[in-house]
Amino acid sequence: MEQKPLELILARNFLTSLSTPAFLVDESGALIFYNEAAGALLGISFEESGRMPAAEWGRAVGPVGDDGEPMPIEEIPTTKALRRGRPAHGRFTVRSVRGDKYDIEASALPIVAEGGQEGAMIFFWPQSEGARNGG
Amino acid sequence: MKLKVWGARGSIPAPGPEMNRYGGNTSCVELELSDGSTLIIDAGTGIRSLGVGIARHLPKVNILLTHLHLDHIQGLMFFAPCFRSESEITIWGPSSPEASLEERIARYISAPLSPVEVRELPCDVNFRDTPPSEWEIGPATIRAEAVTHRGPTLGYRITDGDATLTYISDHEPGLGAPLESLEPEWISGYDLAQNSDLLIHDCQYSDEEYPDHVGWGHSRLTDTLTFARRVNARRLLLFHHDPLHSDEFLDRFGESAQEGWSDLGGPDGAVEMAAETQEIEIAPAKVAAART
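Line by line, the protein sequences give chains P and Z.
For the first sequence, my numbering gives the first residue as 70, with consecutive numbering after it.
For the second sequence, my numbering gives the first residue as 5, with consecutive numbering after it.
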């Protein structure tokens, strides 16, 4: 597999060290890593789930809007960060593999290297105590 | 290719009788290519002695800088060919969105830090901002990749014929990363260093010292050995010695390195401590095997 850009390597190392749930996506929106805290929220570790294309992780975990329907892709902070190269923030609901739903706020930050956009980091803040404890 | 170490020390020059065997000059190595031409990697204080020897013999010089920390450029102003009008010097170094390579180096070679300005150097000097890329110099293919350190920093892979040297003088691949188990594509410098005949790599700290220096951009012994084993380097030269490490300390450090290397399944005799004036012939694997 092709060597990851240094910026993504450092981002993954950084997210690994955090207690805040976080995703790392590449420039195509594919989910290439998430940390233990995010795994606790989702009910499955990254080591178990592995890399997922954007459409696949969208189907697996959401997000869904207030009406319970999948959010339009253009409204998802990750999409905004990747397409516009700008930070984006939003509130929505995600699902765990156990079927639990969590209301969260998410901030997506694009990772832009000298050669162009490499991906984005997405940080999640669960809105309920249960979600914060990953249960 | 033939390599000579002119400076193996990191951070700051470390002269003194207790440093004589491994040397106190900061990072600089000279590489003689198969056609007799010379590449210089890093311009720490070691380049001063190198320059004294070559000033009259080498009108064209290529200098590859890994990064612009002072211990890697401090010798530039004392590099004799810079003061000869016949010299043509090309300096390659990491690109930055902040300023050109020349502008960044000129911060050092300018008042009040220097009595001369870059533009006053008698030689014909040109600066090449180098993004991660690959190009040719003489018979060699040079590949530069960004590596984990503080600030824009390159590692270099130099291939001449079948022989390959990878030089990563300042590197902390284990920062936040479990090197022994991480997938290769997620290891800084992995692709660059893979299957090198000689890997010159940062090994500034012992495992005991490292907890006080996490994030400083330098590697501890275990991580350097693990990295070298993961990339299948045939030979490893431990580099960028800490300025506090005396000859006696480095002797013991080298013994620990041998033990650690052996514990990781590395072949005997493949790990050495870099020392000033050390000369190494970099032979490709098939030639080395034929000689044994």
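Ideal Cβ positions, reconstructed from N, Cα and C, are used throughout, including at glycine.
Practice task
Please confirm whether P:Ala107 and P:Thr147 have their CB atoms less than 9 Å apart.
Solution key: no
Problem - Which listed residue (Z:Ile191, Z:Leu105 and Z:Asp39) has its alpha carbon closest to that of Z:Gly97 - result: Z:Leu105
Problem - Option nearest Z:Phe83 by Cα separation, candidates Z:Val56, Z:Glu90 and Z:Leu74 - result: Z:Val56
Exercise for the section: Check the Cβ of P:Lys211 against every Cβ in chain Z and list those closer than 8 Å, keeping chain order. Expected result: The requested residue 211 of chain P is not part of the displayed model; chain P covers only 70 to 204.
Exercise for the section: Round the Cβ separation of Z:Thr70 and Z:Asp227 to the nearest angstrom and send it over; I've been treating them as touching at under 8 Å. Expected result: Not quite, the Cβ-Cβ distance comes to about 18 Å (not below 8 Å), so this is no contact.
Handout entry: DSSP three-state assignment for P:Thr162, whether helix, strand or coil
Key = strand
Exercise for the section: Grab the span of the alpha helix (DSSP H) containing Z:Leu229 for me, first residue to last. Expected result: Leu225 to Arg234
Exercise for the section: Can you grab the Cα-Cα spacing for the pair Z:Arg239 / Z:Gly221, in whole Å? Expected result: 23 Å
Problem - Neighbour-count burial assignment, Z:Arg108, 16 or more Cβ in a 10 Å radius - result: buried
Practice task
Indicate whether P:Thr15 and P:Phe161 have their beta-carbon atoms separated by less than 9 Å.
Solution key: Because chain P here runs from 70 to 204, residue 15 of chain P falls outside it and cannot be looked at.
Problem - Sub-9 Å separation of Z:Leu248 and Z:Ala261 beta-carbons - result: no
Problem - the region 76-98 of chain P: positions lying closer than 7 Å to chain Z by Cβ - result: Ile78, Leu79, Arg81, Asn82, Phe83, Thr85 and Ser86
Handout entry: Euclidean distance between Cα positions of P:Val163 and Z:Glu184
Key = 34 Å
Exercise for the section: Counting only the same chain and skipping the five closest in sequence on each side, list residues whose C-beta sits under 7 Å from that of Z:Ser250. Expected result: Glu22 and Met23
Practice task
Would you verify that the beta carbon of Z:Ser38 is, or is not, closer than 9 Å to some beta carbon of chain P?
Solution key: no
Exercise for the section: Output, in sequence order along the chain, the residues in the region 169-201 of chain P whose CB is closer than 8 Å to any CB in chain Z. Expected result: Glu183 and Gly184
Practice task
Assign Z:Ala115 to one of two classes, buried (16 or more other C-beta atoms within 10 Å of its C-beta) or exposed (fewer than that).
Solution key: exposed
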